[in-house]
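Right, one structure below, let's go through it.
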Amino acid sequence: MGICRPDDRTLHCGRTTSVLALIVTVGFLVAVDNTIVAAAAGSIVADLGAGIGLVPWLGLGYTLPFAALLVFTGPVIDRFGARAVLRWGGAGFTLGALLAATAWGTAPLMAGRVAQGVAAAAIVPATLTLLRSALPPAHRSIGAAGWLAALACGLAGGPVLGGALSQYLHWRWVFWAVLACAVVVLLLAGAAPAGQGERTPRLRRALPELMRHQTLTGSLLLQALWGIGVTGVAFFTPLAYGELFSVGPGTAALPLVIVALAVIAATPLVGRAVRRLGAGAAVAGGLATVAAGLGTLAVLGNEPAIVPRLAALALVGFGSAFTAPLTTQVLEVVPSRLAGTAAGLLSASRELSGAVGVGLAGALVALGPLVDGYTRALALSAVLTAVAASLATRLLLPRHIDEVRKIR
1 MGICRPDDRT
11 LHCGRTTSVL
21 ALIVTVGFLV
31 AVDNTIVAAA
41 AGSIVADLGA
51 GIGLVPWLGL
61 GYTLPFAALL
71 VFTGPVIDRF
81 GARAVLRWGG
91 AGFTLGALLA
101 ATAWGTAPLM
111 AGRVAQGVAA
121 AAIVPATLTL
131 LRSALPPAHR
141 SIGAAGWLAA
151 LACGLAGGPV
161 LGGALSQYLH
171 WRWVFWAVLA
181 CAVVVLLLAG
191 AAPAGQGERT
201 PRLRRALPEL
211 MRHQTLTGSL
221 LLQALWGIGV
231 TGVAFFTPLA
241 YGELFSVGPG
251 TAALPLVIVA
261 LAVIAATPLV
271 GRAVRRLGAG
281 AAVAGGLATV
291 AAGLGTLAVL
301 GNEPAIVPRL
311 AALALVGFGS
321 AFTAPLTTQV
331 LEVVPSRLAG
341 TAAGLLSASR
351 ELSGAVGVGL
361 AGALVALGPL
371 VDGYTRALAL
381 SAVLTAVAAS
391 LATRLLLPRH
401 IDEVRKIR
(Lines of atoms letter the chains of each structure in order from A and count residues from 1; the text may use other names and numbers.)
(Lines give C-alpha, C1' and ligand atoms only; values in the text may rest on other atoms or scores of the structure.)
Protein backbone atom coordinates (compact mmCIF):
# COMPACT_ATOMS: atom_id res chain seq x y z
CA MET A 1 0.00 0.00 0.00
CA GLY A 2 1.45 3.35 -1.03
CA ILE A 3 1.78 6.41 1.15
CA CYS A 4 -0.67 8.41 -0.95
CA ARG A 5 -3.99 7.28 -2.37
CA PRO A 6 -4.90 7.88 -6.03
CA ASP A 7 -7.38 10.61 -5.09
CA ASP A 8 -4.76 12.64 -3.19
CA ARG A 9 -3.75 15.89 -4.80
CA THR A 10 -0.16 15.91 -6.03
CA LEU A 11 0.90 18.85 -3.81
CA HIS A 12 -0.71 17.33 -0.73
CA CYS A 13 0.82 13.93 -1.44
CA GLY A 14 4.27 15.40 -2.02
CA ARG A 15 4.16 17.39 1.23
CA THR A 16 3.02 14.35 3.20
CA THR A 17 5.84 12.27 1.74
CA SER A 18 8.39 14.98 2.61
CA VAL A 19 7.13 15.21 6.19
CA LEU A 20 7.30 11.43 6.60
CA ALA A 21 10.83 11.45 5.19
CA LEU A 22 11.76 14.22 7.65
CA ILE A 23 10.34 12.29 10.61
CA VAL A 24 12.26 9.14 9.67
CA THR A 25 15.51 11.02 8.99
CA VAL A 26 15.47 12.85 12.33
CA GLY A 27 14.65 9.64 14.21
CA PHE A 28 17.56 7.84 12.59
CA LEU A 29 19.95 10.76 13.09
CA VAL A 30 19.41 11.26 16.82
CA ALA A 31 19.66 7.51 17.51
CA VAL A 32 22.63 6.70 15.31
CA ASP A 33 24.65 9.68 16.56
CA ASN A 34 24.89 7.98 19.95
CA THR A 35 25.63 4.39 18.98
CA ILE A 36 27.85 5.08 15.97
CA VAL A 37 30.31 7.07 18.10
CA ALA A 38 30.42 4.39 20.80
CA ALA A 39 31.65 1.88 18.24
CA ALA A 40 34.46 4.21 17.13
CA ALA A 41 35.49 5.30 20.63
CA GLY A 42 38.61 3.13 20.73
CA SER A 43 39.94 4.56 17.47
CA ILE A 44 39.17 8.14 18.56
CA VAL A 45 41.02 7.78 21.87
CA ALA A 46 44.05 6.18 20.23
CA ASP A 47 44.29 8.75 17.43
CA LEU A 48 43.94 11.80 19.69
CA GLY A 49 46.23 10.39 22.35
CA ALA A 50 43.54 10.74 25.01
CA GLY A 51 43.06 8.54 28.05
CA ILE A 52 40.39 5.89 28.43
CA GLY A 53 38.45 8.37 30.57
CA LEU A 54 37.36 10.14 27.39
CA VAL A 55 35.29 7.17 26.22
CA PRO A 56 32.18 7.64 28.41
CA TRP A 57 32.23 11.39 27.80
CA LEU A 58 31.94 10.84 24.06
CA GLY A 59 28.46 9.53 24.81
CA LEU A 60 27.60 11.75 27.77
CA GLY A 61 28.64 14.91 25.90
CA TYR A 62 25.76 14.15 23.55
CA THR A 63 23.15 12.54 25.79
CA LEU A 64 23.35 14.89 28.80
CA PRO A 65 22.44 18.14 26.99
CA PHE A 66 19.99 16.17 24.86
CA ALA A 67 18.02 14.87 27.84
CA ALA A 68 18.41 17.99 30.01
CA LEU A 69 17.02 20.45 27.44
CA LEU A 70 14.11 18.47 25.98
CA VAL A 71 11.48 19.88 28.33
CA PHE A 72 12.67 23.46 27.78
CA THR A 73 12.74 23.35 23.97
CA GLY A 74 9.06 22.40 23.81
CA PRO A 75 7.76 25.92 24.61
CA VAL A 76 10.20 27.37 22.05
CA ILE A 77 8.59 25.17 19.39
CA ASP A 78 5.12 26.26 20.49
CA ARG A 79 6.20 29.90 20.17
CA PHE A 80 8.22 29.90 16.92
CA GLY A 81 6.96 26.82 15.08
CA ALA A 82 8.48 23.51 14.07
CA ARG A 83 9.99 24.78 10.81
CA ALA A 84 12.15 27.44 12.44
CA VAL A 85 13.31 25.13 15.24
CA LEU A 86 14.11 22.33 12.79
CA ARG A 87 16.20 24.73 10.73
CA TRP A 88 18.05 26.04 13.78
CA GLY A 89 18.54 22.53 15.12
CA GLY A 90 19.58 21.13 11.75
CA ALA A 91 22.13 23.90 11.34
CA GLY A 92 23.44 23.33 14.86
CA PHE A 93 23.72 19.59 14.26
CA THR A 94 25.59 20.19 11.01
CA LEU A 95 28.05 22.58 12.63
CA GLY A 96 28.56 20.25 15.60
CA ALA A 97 29.29 17.30 13.32
CA LEU A 98 31.68 19.44 11.26
CA LEU A 99 33.54 20.52 14.40
CA ALA A 100 33.85 16.90 15.59
CA ALA A 101 34.92 15.63 12.16
CA THR A 102 37.74 18.18 11.92
CA ALA A 103 38.68 18.16 15.64
CA TRP A 104 42.42 18.45 16.33
CA GLY A 105 42.04 17.58 20.01
CA THR A 106 39.59 16.54 22.71
CA ALA A 107 38.28 20.06 23.45
CA PRO A 108 36.85 20.76 19.96
CA LEU A 109 35.65 17.16 19.73
CA MET A 110 33.67 17.50 22.95
CA ALA A 111 32.38 20.92 21.90
CA GLY A 112 31.05 19.29 18.75
CA ARG A 113 29.38 16.52 20.73
CA VAL A 114 27.69 19.02 23.08
CA ALA A 115 26.47 21.05 20.09
CA GLN A 116 24.96 17.91 18.59
CA GLY A 117 23.20 17.13 21.88
CA VAL A 118 21.73 20.63 22.13
CA ALA A 119 20.55 20.43 18.52
CA ALA A 120 18.99 17.00 19.11
CA ALA A 121 16.99 18.44 22.02
CA ALA A 122 15.51 20.95 19.57
CA ILE A 123 14.75 18.75 16.56
CA VAL A 124 13.26 15.75 18.38
CA PRO A 125 10.18 17.43 19.93
CA ALA A 126 9.83 19.65 16.84
CA THR A 127 9.62 16.52 14.70
CA LEU A 128 7.08 14.83 16.97
CA THR A 129 4.73 17.83 16.71
CA LEU A 130 4.58 17.18 12.95
CA LEU A 131 2.56 14.03 13.63
CA ARG A 132 -0.35 16.32 14.47
CA SER A 133 0.34 19.58 12.68
CA ALA A 134 1.67 18.41 9.31
CA LEU A 135 0.20 14.96 8.66
CA PRO A 136 -3.41 14.17 7.73
CA PRO A 137 -5.18 11.82 10.16
CA ALA A 138 -4.77 8.84 7.82
CA HIS A 139 -0.98 9.07 8.01
CA ARG A 140 -0.33 9.85 11.68
CA SER A 141 0.06 6.24 12.77
CA ILE A 142 2.42 5.69 9.82
CA GLY A 143 4.50 8.64 10.95
CA ALA A 144 4.63 7.48 14.59
CA ALA A 145 5.54 3.92 13.66
CA GLY A 146 8.10 5.18 11.13
CA TRP A 147 9.67 7.30 13.88
CA LEU A 148 9.98 4.27 16.14
CA ALA A 149 11.37 2.13 13.32
CA ALA A 150 13.96 4.80 12.50
CA LEU A 151 15.06 4.94 16.15
CA ALA A 152 15.43 1.16 16.15
CA CYS A 153 17.47 1.22 12.94
CA GLY A 154 19.75 3.93 14.33
CA LEU A 155 20.30 2.08 17.60
CA ALA A 156 20.95 -1.24 15.87
CA GLY A 157 22.85 -0.02 12.84
CA GLY A 158 25.08 2.50 14.62
CA PRO A 159 27.53 -0.02 16.11
CA VAL A 160 27.90 -1.85 12.80
CA LEU A 161 28.32 1.35 10.76
CA GLY A 162 30.63 3.00 13.28
CA GLY A 163 32.82 -0.06 13.55
CA ALA A 164 33.09 -0.42 9.78
CA LEU A 165 33.89 3.26 9.12
CA SER A 166 36.53 3.45 11.83
CA GLN A 167 38.09 0.13 10.85
CA TYR A 168 38.20 0.48 7.07
CA LEU A 169 38.35 4.28 6.64
CA HIS A 170 38.92 6.57 9.63
CA TRP A 171 36.94 7.54 12.74
CA ARG A 172 36.39 11.03 11.29
CA TRP A 173 34.12 9.46 8.66
CA VAL A 174 31.71 8.66 11.49
CA PHE A 175 31.04 12.37 11.93
CA TRP A 176 31.03 13.04 8.19
CA ALA A 177 28.23 10.47 7.95
CA VAL A 178 26.35 12.24 10.77
CA LEU A 179 26.88 15.57 9.00
CA ALA A 180 25.40 14.21 5.76
CA CYS A 181 22.29 13.08 7.63
CA ALA A 182 21.98 16.49 9.34
CA VAL A 183 22.14 18.22 5.97
CA VAL A 184 19.21 16.08 4.78
CA VAL A 185 17.24 17.31 7.81
CA LEU A 186 18.03 20.90 6.82
CA LEU A 187 16.84 20.28 3.26
CA LEU A 188 13.58 18.67 4.41
CA ALA A 189 12.82 21.20 7.17
CA GLY A 190 10.85 23.37 4.74
CA ALA A 191 8.11 20.73 4.69
CA ALA A 192 7.27 21.58 8.32
CA PRO A 193 4.58 24.20 8.97
CA ALA A 194 5.70 27.71 9.86
CA GLY A 195 5.05 29.09 13.34
CA GLN A 196 1.95 31.14 14.01
CA GLY A 197 3.63 33.46 16.49
CA GLU A 198 1.25 32.42 19.30
CA ARG A 199 2.01 33.45 22.85
CA THR A 200 2.25 30.32 24.98
CA PRO A 201 2.22 29.92 28.75
CA ARG A 202 5.51 29.59 30.60
CA LEU A 203 6.65 26.06 31.36
CA ARG A 204 5.68 26.27 35.04
CA ARG A 205 2.10 27.14 34.04
CA ALA A 206 1.92 24.78 31.07
CA LEU A 207 2.93 21.67 33.04
CA PRO A 208 -0.07 21.65 35.44
CA GLU A 209 -2.43 22.15 32.50
CA LEU A 210 -0.84 19.27 30.58
CA MET A 211 -0.76 16.96 33.57
CA ARG A 212 -4.55 17.16 33.84
CA HIS A 213 -4.70 14.99 30.72
CA GLN A 214 -4.72 11.36 31.85
CA THR A 215 -3.63 10.37 28.36
CA LEU A 216 -0.38 12.27 28.87
CA THR A 217 0.36 11.04 32.38
CA GLY A 218 -0.54 7.48 31.43
CA SER A 219 1.58 7.57 28.29
CA LEU A 220 4.54 8.98 30.22
CA LEU A 221 4.32 6.14 32.75
CA LEU A 222 3.94 3.40 30.15
CA GLN A 223 6.76 4.80 28.05
CA ALA A 224 9.00 5.01 31.13
CA LEU A 225 8.35 1.36 32.05
CA TRP A 226 9.05 0.26 28.48
CA GLY A 227 12.16 2.45 28.27
CA ILE A 228 13.62 1.17 31.54
CA GLY A 229 12.90 -2.40 30.52
CA VAL A 230 14.11 -2.39 26.93
CA THR A 231 16.88 0.23 26.74
CA GLY A 232 18.97 -1.18 29.58
CA VAL A 233 19.16 -4.69 28.20
CA ALA A 234 19.68 -3.37 24.67
CA PHE A 235 22.77 -1.47 25.84
CA PHE A 236 24.37 -4.64 27.25
CA THR A 237 23.18 -7.02 24.51
CA PRO A 238 26.31 -6.75 22.29
CA LEU A 239 28.59 -7.29 25.31
CA ALA A 240 26.62 -10.31 26.53
CA TYR A 241 26.34 -11.93 23.10
CA GLY A 242 30.00 -11.31 22.42
CA GLU A 243 30.91 -13.30 25.53
CA LEU A 244 28.23 -15.94 25.09
CA PHE A 245 29.11 -16.74 21.47
CA SER A 246 32.79 -15.62 21.47
CA VAL A 247 32.33 -13.20 18.55
CA GLY A 248 33.57 -9.70 17.74
CA PRO A 249 31.69 -6.43 18.44
CA GLY A 250 30.17 -6.18 14.94
CA THR A 251 28.70 -9.69 15.02
CA ALA A 252 27.62 -9.32 18.65
CA ALA A 253 25.50 -6.29 17.66
CA LEU A 254 23.45 -8.30 15.14
CA PRO A 255 20.74 -9.23 17.70
CA LEU A 256 19.82 -5.53 17.78
CA VAL A 257 19.43 -5.66 14.00
CA ILE A 258 16.88 -8.46 14.44
CA VAL A 259 14.94 -6.25 16.85
CA ALA A 260 15.04 -3.33 14.39
CA LEU A 261 13.84 -5.49 11.49
CA ALA A 262 10.94 -6.74 13.61
CA VAL A 263 9.95 -3.15 14.44
CA ILE A 264 9.94 -2.32 10.73
CA ALA A 265 7.89 -5.42 9.90
CA ALA A 266 5.26 -4.52 12.51
CA THR A 267 5.01 -0.86 11.51
CA PRO A 268 2.25 -1.29 8.85
CA LEU A 269 0.07 -3.15 11.38
CA VAL A 270 0.06 -0.50 14.11
CA GLY A 271 -2.56 1.81 12.61
CA ARG A 272 -4.87 -1.08 11.78
CA ALA A 273 -4.64 -2.40 15.34
CA VAL A 274 -5.41 1.04 16.82
CA ARG A 275 -8.40 1.47 14.52
CA ARG A 276 -9.88 -1.93 15.29
CA LEU A 277 -8.94 -2.46 18.94
CA GLY A 278 -8.37 1.02 20.32
CA ALA A 279 -5.09 2.44 21.52
CA GLY A 280 -5.21 0.86 24.98
CA ALA A 281 -5.64 -2.68 23.71
CA ALA A 282 -3.07 -2.21 20.93
CA VAL A 283 -0.43 -0.87 23.34
CA ALA A 284 -1.25 -3.56 25.93
CA GLY A 285 -0.84 -6.32 23.35
CA GLY A 286 2.45 -4.87 22.18
CA LEU A 287 3.85 -4.56 25.70
CA ALA A 288 2.73 -8.10 26.54
CA THR A 289 4.58 -9.32 23.43
CA VAL A 290 7.72 -7.46 24.54
CA ALA A 291 7.43 -9.03 28.01
CA ALA A 292 7.09 -12.50 26.46
CA GLY A 293 10.22 -11.97 24.36
CA LEU A 294 12.27 -10.66 27.29
CA GLY A 295 11.03 -13.44 29.54
CA THR A 296 12.01 -16.07 26.98
CA LEU A 297 15.51 -14.61 26.73
CA ALA A 298 15.79 -14.64 30.53
CA VAL A 299 14.72 -18.30 30.71
CA LEU A 300 17.33 -19.23 28.06
CA GLY A 301 20.04 -17.78 30.31
CA ASN A 302 23.46 -19.12 29.31
CA GLU A 303 22.06 -21.53 26.72
CA PRO A 304 23.49 -20.68 23.26
CA ALA A 305 20.22 -21.60 21.53
CA ILE A 306 20.12 -19.63 18.30
CA VAL A 307 16.57 -20.20 17.01
CA PRO A 308 14.72 -19.51 20.29
CA ARG A 309 16.83 -16.39 20.83
CA LEU A 310 16.07 -15.08 17.35
CA ALA A 311 12.35 -15.66 17.90
CA ALA A 312 12.43 -13.91 21.28
CA LEU A 313 14.35 -10.93 19.88
CA ALA A 314 11.78 -10.65 17.10
CA LEU A 315 8.99 -10.59 19.70
CA VAL A 316 10.70 -7.70 21.52
CA GLY A 317 10.96 -5.68 18.31
CA PHE A 318 7.49 -6.58 17.03
CA GLY A 319 5.81 -5.62 20.30
CA SER A 320 7.82 -2.42 20.68
CA ALA A 321 6.35 -1.09 17.45
CA PHE A 322 2.95 -0.97 19.17
CA THR A 323 4.16 1.64 21.66
CA ALA A 324 3.91 4.24 18.87
CA PRO A 325 0.29 5.16 19.82
CA LEU A 326 1.60 6.49 23.13
CA THR A 327 2.90 9.47 21.17
CA THR A 328 -0.02 9.92 18.77
CA GLN A 329 -2.54 9.62 21.64
CA VAL A 330 -0.99 12.52 23.50
CA LEU A 331 -0.59 14.80 20.49
CA GLU A 332 -4.24 14.19 19.58
CA VAL A 333 -5.68 15.30 22.92
CA VAL A 334 -3.44 18.12 24.20
CA PRO A 335 -4.15 21.72 23.07
CA SER A 336 -2.33 22.55 19.84
CA ARG A 337 -0.61 25.53 21.49
CA LEU A 338 1.07 23.09 23.92
CA ALA A 339 1.95 20.34 21.45
CA GLY A 340 5.65 21.20 21.51
CA THR A 341 5.80 21.12 25.30
CA ALA A 342 3.98 17.76 25.35
CA ALA A 343 6.36 16.37 22.74
CA GLY A 344 9.29 17.55 24.85
CA LEU A 345 7.90 15.76 27.90
CA LEU A 346 7.47 12.53 25.93
CA SER A 347 11.01 12.75 24.57
CA ALA A 348 12.44 13.53 28.00
CA SER A 349 10.60 10.54 29.46
CA ARG A 350 12.10 8.27 26.81
CA GLU A 351 15.65 9.54 27.30
CA LEU A 352 15.57 9.60 31.10
CA SER A 353 13.93 6.18 31.39
CA GLY A 354 16.59 4.83 29.04
CA ALA A 355 19.31 6.23 31.29
CA VAL A 356 17.66 4.65 34.35
CA GLY A 357 17.38 1.36 32.49
CA VAL A 358 21.08 1.37 31.61
CA GLY A 359 21.93 2.15 35.23
CA LEU A 360 19.76 -0.66 36.61
CA ALA A 361 21.05 -3.18 34.09
CA GLY A 362 24.61 -2.07 34.83
CA ALA A 363 24.10 -2.61 38.56
CA LEU A 364 22.76 -6.13 37.94
CA VAL A 365 25.59 -6.96 35.56
CA ALA A 366 28.12 -5.76 38.16
CA LEU A 367 26.84 -8.32 40.71
CA GLY A 368 28.38 -11.27 38.94
CA PRO A 369 29.48 -12.75 35.61
CA LEU A 370 28.39 -10.69 32.62
CA VAL A 371 25.93 -13.15 31.11
CA ASP A 372 24.39 -13.97 34.51
CA GLY A 373 23.91 -10.28 35.24
CA TYR A 374 22.44 -9.78 31.77
CA THR A 375 19.98 -12.59 32.47
CA ARG A 376 18.91 -10.93 35.73
CA ALA A 377 18.39 -7.67 33.84
CA LEU A 378 16.25 -9.49 31.27
CA ALA A 379 14.06 -10.94 34.03
CA LEU A 380 13.54 -7.52 35.62
CA SER A 381 12.76 -6.00 32.21
CA ALA A 382 10.17 -8.70 31.52
CA VAL A 383 8.43 -7.89 34.80
CA LEU A 384 8.42 -4.13 34.14
CA THR A 385 6.95 -4.48 30.64
CA ALA A 386 4.37 -6.99 31.90
CA VAL A 387 3.28 -4.46 34.52
CA ALA A 388 3.03 -1.81 31.79
CA ALA A 389 0.90 -4.16 29.68
CA SER A 390 -1.50 -4.72 32.58
CA LEU A 391 -1.90 -0.96 33.09
CA ALA A 392 -2.28 0.11 29.46
CA THR A 393 -6.02 -0.44 29.05
CA ARG A 394 -6.69 1.39 32.33
CA LEU A 395 -4.47 4.39 31.63
CA LEU A 396 -5.51 4.84 27.99
CA LEU A 397 -9.21 5.12 28.69
CA PRO A 398 -11.95 4.33 26.14
CA ARG A 399 -13.06 7.97 26.03
CA HIS A 400 -9.88 8.74 24.09
CA ILE A 401 -10.24 5.92 21.55
CA ASP A 402 -12.51 7.86 19.22
CA GLU A 403 -9.85 10.55 18.93
CA VAL A 404 -7.18 7.98 18.16
CA ARG A 405 -9.31 6.35 15.51
CA LYS A 406 -8.99 9.55 13.52
CA ILE A 407 -5.37 8.50 12.92
CA ARG A 408 -6.38 6.10 10.17
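In full-length UniProt numbering, the protein residues as written are 1 to 408. We treat Cβ as the ideally placed atom computed from N, Cα and C, and that holds for glycine.
Residue i versus the options, residue with shortest Cα-Cα distance
i	options	result
A273	T215, I142 and T16	I142
I36	G162, L98, W147 and V230	G162
D325	T215, L48, L315 and A107	The question names Asp, but residue 325 in the sequence shown is Pro. If we check each option's Cα against that of P325, T215 comes out closest.
V32	G227, Y168, G232 and A180	A180
L70	V174, A265, T341 and V185	T341
A100	V365, A149, Y62 and R275	Y62
G27	G105, D78, G90 and L313	G90
A388	W226, T327 and G96	W226
F93	A177, A138 and C153	A177
A191	Y374, G293 and V19	V19
T127	D372, L315, A339 and P136	A339
G59	F235, S349 and L360	F235
L261	G359, V247 and G317	G317
L95	P136, V160, L186 and P159	L186
P268	L367, L109, G248 and A138	A138
G218	T323, V85, W88 and G14	T323
V30	V45, A50 and W147	W147
E332	C153, L396 and G42	L396
A38	C153, P159 and G278	P159
T375	I306, G278 and L244	L244
H170	P304, G42, P308 and I23	G42
P108	A152, I44 and A164	I44
Distance between beta carbons of residue j and residue i, contact taken as under 8 Å
i	j	result
G295	A382	4 Å
G242	L287	28 Å between Cβ atoms; not a contact.
A120	F80	In fact, because the Cβ distance is near 18 Å, the residues do not count as touching under 8 Å.
G271	L384	At roughly 26 Å, the Cβ-Cβ gap does not stay under 8 Å, so G271 and L384 are not in contact.
L64	T106	Incorrect: roughly 16 Å between the Cβ atoms, too far for contact.
A379	A145	So it is not a contact: roughly 28 Å between Cβ atoms.
T328	R140	5 Å
A182	L86	Actually they are not in contact, since the Cβ atoms of A182 and L86 sit about 11 Å apart, beyond 8 Å.
A97	F175	5 Å
A282	A386	Contact doesn't hold; Cβ gap of about 17 Å is too wide.
Sub-8 Å separation of residue i and residue j beta-carbons
i	j	result
A355	G74	no
residue 424	I258	Here the chain covers residues 1 to 408 and nothing more, so residue 424 does not appear.
L82	T129	Note that residue 82 is Ala in the sequence shown here, rather than Leu. Cβ distance < 8 Å, so A82 and T129 count as in contact.
T40	S166	A small fix is needed here, since residue 40 is Ala in this sequence, not Thr. It is a contact, given that the beta carbons lie within the stated cut-off.
L220	L345	yes
A392	A284	yes
G280	G357	no
T133	Q223	The residue asked about is misnamed: residue 133 is Ser in this sequence, not Thr. No; because the gap between Cβ atoms is not below 8 Å, this pair is not in contact.
L370	A240	yes
S353	V124	no
A103	G112	yes
T289	L315	yes
V365	G359	no
W173	M110	no
A50	W88	no
Residue i at chain D interface by Cβ criterion, 8 Å
i	result
G301	In the structure shown, chain D cannot be found, because there is only a single protein chain.
Uninterrupted alpha helix (DSSP H) stretches inside the region 6 to 56 (no shorter than 4 residues) = Counting whole runs of 4 or more residues, the region 6 to 56 contains the alpha helix (DSSP H) stretches 10 to 48.
TODO: Please list the segments of the beta strand (DSSP E) lying wholly inside the region 264 to 315, counting only runs of 3 or more residues, in order along the chain.
DONE: Entirely contained in the region 264 to 315, not one beta strand (DSSP E) run reaches 3 residues.
task = Could I get the ranges of all uninterrupted beta strand (DSSP E) runs contained in the region 83 to 133, with 3 residues as the minimum, in chain order?
result = Counting only runs of 3 or more, we get nothing.
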